[in-house]
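Protein sequences appear in the order of chains A and B.
Its first residue numbered 1, the first sequence is counted upward by one per residue in the working numbering.
Its first residue numbered 1001, the second sequence is counted upward by one per residue in the working numbering.
All residues carry an ideal CB built from backbone N, CA and C; glycine is no exception.
Okay, structure first, notes after.
There are 2 protein chains.
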Amino acid sequence: MAVSDIEAAIQLLARLPGLGPRSARRAALYLIQRREAVMQPLAAALARAADSIRVCGRCGNLSDRDPCAICLDPVRDGTVICVVEDLGDLWAIERSGAFKGRYHVLGGTLSALDGRGPEQLNIAGLTTRCSAPEVAEVILALRATVEGQSTAHYIGERLEGSGVKVTRLGQGVPVGGALDYLDDGTLMAALRSRQPA
Amino acid sequence: MAVSDIEAAIQLLARLPGLGPRSARRAALYLIQRREAVMQPLAAALARAADSIRVCGRCGNLSDRDPCAICLDPVRDGTVICVVEDLGDLWAIERSGAFKGRYHVLGGTLSALDGRGPEQLNIAGLTTRCSAPEVAEVILALRATVEGQSTAHYIGERLEGSGVKVTRLGQGVPVGGALDYLDDGTLMAALRSRQPA
């Protein structure tokens, strides 16, 4: 039944971030009225993408192959590994174009509350990768939250003595950020990491 | 390639009302991380829905059958036809539960600018339906825009002498609406249609 298929699609669309029950209905309406131009291609693209997604056994990235395109790209710098929490953070850094090394996706942060210990994260894979002689630096690009920072601290300790340089992202005023909208922690970090003008 | 399938899906998602390039990316990320729970069911529901949608030859509604479930429902009042601009307006009225008759979907409004005359709209079908003896009333539930109202006026004239009562939606203060946010036209309409308290 199309009515219930449409209803099913609306309920699934409503779960997407940024859409709610009402906007999912509007989105479904839009799709129905553009059946051949948008609805069918979208259904096909989602089905094909869902079918071909693989977890990269090396870095934990999600893409259509294992190892992923980033791990296989000979142009990228294999001496630097950027450790991120999840795929969204990897995409964000890729979008910026500021990093040309390889990644390591942890799949979350350590969290006593949620019962996530080191075994639940892709940390063992990271230490294995760091034992390769070409790896010189690990950048811990974890979020500036309590959990992100304690995870960074834990990984930093695990990599101690491995001979790999461990760094973190700089903290400070966001580019274009107005000072009076910043929280105190960011302002303190920006003052601590002040540089000659 | 999954990467380009994901990219294709992101670009199609970004065309949905309520989503832009950035939120489409977030939505795709959400889907990828919930491949079996959301992504595959959504792809399947969209494909099935796109496949089974029919235009109702009687009223112009879009659903999985022709005639549509509303036209076939023996419980609904066949003496009243509610004329709406498009499927979205039909859904809005159905959601309210305030109407239990049948519908007629015009597929737009008359518009000299966009070159939409009476032939481009489903108006001939409406006059044919109104010639049936059981039809007693046509409610013109068109939007309170210039084009909606001129379309209502045109249809009203076309149905003159058909013996069918033609009505329009009441205009006034929306339920829960604060007066000082209303435009002058609505306030004028509310005053004109004032009723004994």
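If you follow the alpha helix (DSSP H) that residue i is part of, which residue opens it and which one closes it?
| i | result |
| --- | --- |
| R1116(B) | Element bounds for R1116(B): n/a, residue is neither H nor E. |
| V1146(B) | 1146 to 1158 |
| Y1030(B) | 1021 to 1033 |
| G1097(B) | Neither: G1097(B) is in no alpha helix (DSSP H) and is coded neither H nor E. |
| L1046(B) | 1040 to 1052 |
| D1077(B) | Unbroken run through D1077(B) is the beta strand (DSSP E), 1077 to 1084; no alpha helix (DSSP H). |
| G1125(B) | 1123 to 1130 |
| A69(A) | 69 to 72 |
Residue j and residue i - do their beta-carbons sit closer together than 8 Å?
| i | j | result |
| --- | --- | --- |
| L142(A) | E85(A) | yes |
| I123(A) | T167(A) | no |
| I6(A) | A1049(B) | yes |
| E147(A) | L110(A) | yes |
| L1019(B) | G18(A) | yes |
| Q171(A) | A189(A) | yes |
| E80(A) | A152(A) | One point to set straight first is that residue 80(A) is Val, not Glu, in the sequence displayed. No. Outside cutoff. |
| D66(A) | G57(A) | yes |
| R1034(B) | I53(A) | no |
| T127(A) | L159(A) | yes |
| Y30(A) | L1016(B) | yes |
Evaluate residue i with the Cβ neighbour count: other Cβ atoms within 10 Å of its Cβ, from every protein chain shown; 16 or more gives buried, anything less gives exposed.
| i | result |
| --- | --- |
| G1161(B) | exposed |
| V164(A) | buried |
| Y1103(B) | buried |
| R1025(B) | buried |
| R1129(B) | buried |
| V1083(B) | buried |
| L1179(B) | exposed |
| A47(A) | buried |
| S63(A) | buried |
| A45(A) | buried |
| L1121(B) | buried |
| L1113(B) | exposed |
Check whether the Cβ of residue i lies closer than 7 Å to any heavy atom of the ligand GDP, and answer yes or no.
| i | result |
| --- | --- |
| Q195(A) | The ligand GDP is not part of the structure shown, which contains no ligands of any sort. |
Relative to the C-alpha of residue i, which candidate in the options has its C-alpha closest?
| i | options | result |
| --- | --- | --- |
| L42(A) | A1037(B), Q1033(B), A1027(B) | A1027(B) |
| I38(A) | Q1011(B), A1045(B), R1022(B) | Checking the sequence, you will find Val at residue 38(A) rather than Ile. Nearest C-alpha to V38(A): Q1011(B). |
| A1069(B) | T1079(B), L1046(B), E1094(B), A1047(B) | E1094(B) |
| I1155(B) | R1022(B), A1045(B), G1125(B), L1191(B) | G1125(B) |
| D183(A) | A144(A), R158(A), L169(A), E157(A) | A144(A) |
| Q1195(B) | Y1181(B), G1177(B), V1173(B) | V1173(B) |
Need the endpoints of the beta strand (DSSP E) that residue i sits in, please.
| i | result |
| --- | --- |
| G101(A) | 101 to 105 |
| R1168(B) | 1165 to 1168 |
| L179(A) | Unbroken run through L179(A): none, as it is neither H nor E. |
| L140(A) | 137 to 140 |
Under 7 Å Cβ to Cβ from residue i, same chain only, skipping five residues before and after it: list those, please.
| i | result |
| --- | --- |
| F99(A) | C82, I93 |
| C71(A) | C56, R58, C59, R102 |
Considering only residues of the same chain and omitting the five flanking positions on each side of residue i, which have a CB-CB separation below 8 Å?
| i | result |
| --- | --- |
| I1032(B) | I1006, M1039 |
| N61(A) | V55, C68, I70, C71, L87, L90, Y103, V105 |
| S1150(B) | T1109, L1110 |
| V1075(B) | K1100 |
Under 6 Å Cβ to Cβ from residue i, same chain only, skipping five residues before and after it: list those, please.
| i | result |
| --- | --- |
| D1077(B) | K1100, G1101 |
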